[in-house]
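Heads up, the thing below is written out as structure tokens.
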């Protein structure tokens with residue numbers, strides 16, 4: 156799931172859901188929110204940190220959606 160959500164396709168899904176995509180290849184709905192280092196900056200969580208927390212996110216997702 157992590158690989159999908161950070162992929163270009165996954166980021167397009169995030170954009171379509173109304174969020175600002177982190178992938179620079181996917182332009183946000185509002186171009187003013189494009190990370191350019193001047194007007195809007197993005198701080199990404201390191202992949203290792205995301206991966207380390209993934210078991211808890213999977214557990215939470217299962218508890219909510221797979222009852």
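In our numbering, the protein residues as written are 156 to 222. Ideal Cβ positions, reconstructed from N, Cα and C, are used throughout, including at glycine. Here the structure is a predicted model, which means the values were calculated and not measured.
* Would residue 174 pass as a contact of residue 165 if the rule is Cβ separation under 7 angstroms? -> no
* Using the Cα positions of residue 211 and residue 220, report the straight-line distance between them to the nearest angstrom. => 14 angstroms
* State the Cα-Cα distance for the pair residue 214 and residue 172, rounded to the nearest angstrom. => Spanning the two alpha carbons is a distance of roughly 23 angstroms.
* Asked: Could you check where the alpha helix (DSSP H) with residue 159 kicks off and where it finishes?
  -> 157-161
* Can residue 209 and residue 157 be called in contact, C-beta distance under 7 angstroms? -> yes
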